[in-house]
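If you count by the working numbering, then the sequence shown holds residues 1 to 86, one letter each, in order.
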Amino acid sequence: MSDNSSNNAYWSANVRIILISLVIWALVSFGFGILLRPMLSGIAVGGTDLGFWFAQQGSILVFLALIFFYAIRMNKLDREHGVDEE
1 MSDNSSNNAY
11 WSANVRIILI
21 SLVIWALVSF
31 GFGILLRPML
41 SGIAVGGTDL
51 GFWFAQQGSI
61 LVFLALIFFY
71 AIRMNKLDRE
81 HGVDEE
């Protein structure tokens, strides 16, 4: 029974990390890059407006940061539950 509850805790933590990452990715890529672009057009970043920057480069950089965050967080979670690779 304890093994089953440990598996459930591991997978619920895994799904929570995935959902948080997907929400951040959707907010940055779809929200800032498309929906909020007119509101962000007055803010200049690197010679262009912030909405255009998010649509072209910002969402890609956030996606790369999320990949590293996910890898680091999952390694920590694997160690906590004893399923890490050596």
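Even for Gly, the Cβ is constructed at its ideal location relative to N, Cα and C. Here the structure is a predicted model, which is why all the values come from computation and not from measurement.
In angstroms, rounded to a whole number, what distance separates the CA positions of residue 9 and residue 55?
Numbered from its first residue, the sequence shown carries residue 9 at position 9. Numbered from its first residue, the sequence shown carries residue 55 at position 55. Near 36 Å, if we compare the C-alpha coordinates of residue 55 and residue 9.
Where residue 58 falls, given that 16 or more other Cβ within 10 Å makes a residue buried
Counting from 1 along the sequence shown, the entry for residue 58 is found at position 58. Residue 58 comes out buried.
According to DSSP, simplified to helix, strand and coil, what is residue 49?
Taking the sequence shown and counting its residues from 1, the one referred to as residue 49 is at position 49. Strand.
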